[in-house]
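Participant: Take the position in the sequence shown, starting the count at 1, then add 135; the result is the number in this note's numbering.
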Amino acid sequence: MSFGGRLTLLKSVLSSLRLYYFSLYSVPPSVLKLLESVRRIFFWGGDLSGTKISWVKWENILLPYESGGLNVGSLKNKNLALLGKWWWRFKTDTTSLWTKLIRSIYGIDSGLRSVDGLAHLPILGTWKDIWCDTSSFKDLFPRLFRLDRNIEVLGNSIVLPKKTLHNNLIPKKVEILVWKTRKKRLRVELDKRGVDLYSTRCPVCDEDLESVEHLFVSCKFSKDVWSRIFKWWNFNLPQNLVFSDLFLGKSTSTMSTLGTKIWQSVEWICAYYIWKNRNMMVFQNKGWIPPVVISEIQVKSFEWVSNRIKDKTIDWHVWLTNPSLICT
Ligand SMILES: [Zn+2]
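1. Identify the residues that DSSP records as bridge partners of arginine 336: which are they?
2. Just the Cα atoms here: how many angstroms apart are leucine 198 and leucine 215?
3. With burial defined as no fewer than 16 other Cβ atoms inside 10 Å of the residue's Cβ, what is the status of tyrosine 155: buried or exposed?
4. Counting pairs of Cβ atoms below 8 Å between the stretch 435-449 and the stretch 300-307, do you hit three or more?
5. Below 7 Å, is the gap between the Cβ of cysteine 405 and the nearest heavy atom of ligand 1?
6. Would you mind giving the Cβ-Cβ distance between proline 425 and arginine 363, rounded to the nearest angstrom? I have them listed as a contact below 8 Å.
7. Ignoring anything shorter than 4 residues, give me the alpha helix (DSSP H) runs that lie fully in the stretch 355-403, in order along the chain.
8. Cβ atoms of cysteine 462 and isoleucine 397: under 8 Å apart, would you say?
9. May I ask whether a heavy atom of ligand 1 can be found less than 7 Å away from the beta carbon of aspartate 343?
10. Quick one: what does DSSP say arginine 320 is sitting in, helix, strand or coil?
11. Report yes if the C-beta of valine 352 is less than 7 Å from at least one heavy atom of ligand 1; otherwise report no.
12. With three or more C-beta pairs closer than 8 Å as the rule, is the stretch 180-196 touching the stretch 150-166?
13. Does ligand 1 have a heavy atom nearer than 7 Å to the CB of valine 360?
14. Hey, would you say leucine 460 sits closer than 8 Å to isoleucine 311, going by beta carbons?
15. Return helix, strand or coil for serine 301, following the three-state DSSP convention.
16. Is there at least one non-hydrogen atom of ligand 1 closer than 7 Å to the beta-carbon of phenylalanine 356?
17. Is it buried or exposed, threonine 316, if we count other Cβ atoms within 10 angstroms and call 16 or more buried?
18. To the nearest angstrom, report how far apart leucine 144 and methionine 136 are at their CA atoms.
19. Restricting to Cα atoms, I'd like to know which of Leu210, Thr335 and Phe351 is closest to leucine 344.
20. Please state whether the Cβ-Cβ distance between leucine 381 and phenylalanine 351 is less than 8 Å.
21. Between valine 347 and ligand 1, is there a pair consisting of the residue's CB and a ligand heavy atom that are separated by less than 7 Å?
22. Could you tell me whether the Cβ atoms of isoleucine 403 and valine 309 are closer together than 8 Å?
23. For the candidate residues Leu169, Arg224, Cys337 and Trp221, whose alpha-carbon lies nearest to that of asparagine 420?
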């Protein structure tokens, strides 16, 4: 199963199985740890017989897209949020029978206050109300408060996490490859992580050490592929193709938002095929020649993009001969 399939199952099945219990009980830390490790092993393709290398810290995968993660969400937070919902209902819905019953048995704070994590939740606002010590958090931690409300006030003094790029015109497995590439968490970086490799030279050209930059940008095979892609789209190939600019979908000013997204899809699919070719060289000792890769990219990108696009039909002949026309 591809990374995309596993990510979808992870979010839709493994994260929801215990929703009922999560909304009623405070889950013990040991259980949360076990459940998170099951999700982590599944995501990286391991099973009961063994685990596989975790290329990115699990905590970072749980983060939202804006913070560079894959928007999976932590089970602990989900548990707290679901329990918090009861707390919210208990405080706001004072007329319902269940609220009256709990109040009569446990008092105004009810038993919910004793739940770990909820015990310190403020009734009103986290920052402005005094709910811990004798001052509000806003006064105790003014810098953090400014950061929370308006991140720009700190100017360039902080480094924001690299946002996860998103493109719904292509399959998840391609998106995840780009995500891993931008984080430099591919097999090519293994030697830098202390894993002994048979060879650290580029398996495609054998002319340089293998790295993410080399594989996707400066390898002669990749350069050839990129120049053909740019030519197909009638774009000028930048003098120096910069790794950090790839995948951003930068394009001409005449392109529409959708057009930029379509061009970005092609860039990502191109990277996917460069990676596929590299793996063929490593595991089967054979690769494609650039014209064949271009044909594969043209066919696959047409299939993926045209099937996912709404309210627009893409003509195969135009796609092959002048795709920029579709994107204005
Ligand atoms: Zn190379």
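Glycine included, every Cβ here is placed at the ideal spot set by N, Cα and C.
Facilitator: The short version:
1. Your numbering for residue 336 matches position 201 in the sequence shown. Answer by DSSP bridge pairing, in chain order: Leu344.
2. Mapped onto the sequence shown, residue 198 falls at position 63. Mapped onto the sequence shown, residue 215 falls at position 80. Going from the Cα of leucine 198 to the Cα of leucine 215 covers about 16 Å.
3. Numbered from 1 along the sequence shown, position 20 holds the residue referred to as residue 155. The residue in question, tyrosine 155, is exposed, as its Cβ has fewer than 16 Cβ neighbours within 10 Å.
4. yes
5. Position 270 of the sequence shown, counted from the start, is the residue given in the question as residue 405. It does not: the Cβ of cysteine 405 is nowhere closer than 7 Å to a heavy atom of ligand 1.
6. Taking the sequence shown and counting its residues from 1, the one referred to as residue 425 is at position 290. Taking the sequence shown and counting its residues from 1, the one referred to as residue 363 is at position 228. Correct: roughly 6 Å between the Cβ atoms.
7. 355-367
8. The residue labelled residue 397 in the question sits at position 262 within the sequence shown. The residue labelled residue 462 in the question sits at position 327 within the sequence shown. Contact: yes.
9. Residue mapping note: residue 343 aligns to position 208 of the sequence shown, counting from 1. Checking the Cβ of aspartate 343 against ligand 1 gives yes.
10. Position 185 of the sequence shown, counted from the first residue, corresponds to residue 320. In the structure shown, arginine 320 sits in coil (DSSP, three-state: anything other than H, G, I, E or B).
11. Along the sequence shown, read from residue 1 onward, the residue named residue 352 stands at position 217. Valine 352: no, Cβ never under 7 Å from ligand 1.
12. no
13. Against the sequence shown, residue 360 aligns to sequence position 225. No, the beta carbon of valine 360 sits no closer than 7 Å to any heavy atom of ligand 1.
14. Here the question's residue 460 lines up with position 325 in the sequence shown. Here the question's residue 311 lines up with position 176 in the sequence shown. Cβ distance not < 8 Å, so leucine 460 and isoleucine 311 don't count as in contact.
15. Residue numbering aside, residue 301 sits at position 166 when the sequence shown is read from its first letter. The sequence shown places histidine at residue 301, rather than the serine named in the question. Here histidine 301 sits in coil by DSSP.
16. Residue numbering aside, residue 356 sits at position 221 when the sequence shown is read from its first letter. The answer is yes for phenylalanine 356.
17. Counting from one through the sequence shown, the residue named residue 316 turns up at place 181. Threonine 316 should be labelled buried.
18. Locating residue 144 in the sequence shown gives position 9, counting from the first residue. Locating residue 136 in the sequence shown gives position 1, counting from the first residue. Distance between the alpha carbons of leucine 144 and methionine 136 is about 10 Å.
19. In the sequence shown, the residue the question calls residue 344 occupies position 209. Minimum Cα distance to leucine 344 is reached at Thr335.
20. In the sequence shown, residue 381 corresponds to position 246, counting from 1. In the sequence shown, residue 351 corresponds to position 216, counting from 1. Cβ atoms of leucine 381 and phenylalanine 351: closer than 8 Å.
21. Taking the sequence shown and counting its residues from 1, one reaches residue 347 at position 212. Answer for valine 347: no, Cβ out of range of ligand 1.
22. Position 268 of the sequence shown, counting from 1, holds the residue named residue 403. Position 174 of the sequence shown, counting from 1, holds the residue named residue 309. Note on residue identity: the sequence assigns tryptophan, not isoleucine, to residue 403. Against a cut-off of 8 Å, the Cβ pair of valine 309 and tryptophan 403 comes out as a contact.
23. Position 285 of the sequence shown, counted from the first residue, corresponds to residue 420. For the residues Leu169, Arg224, Cys337 and Trp221, the minimum Cα distance to asparagine 420 belongs to Cys337.
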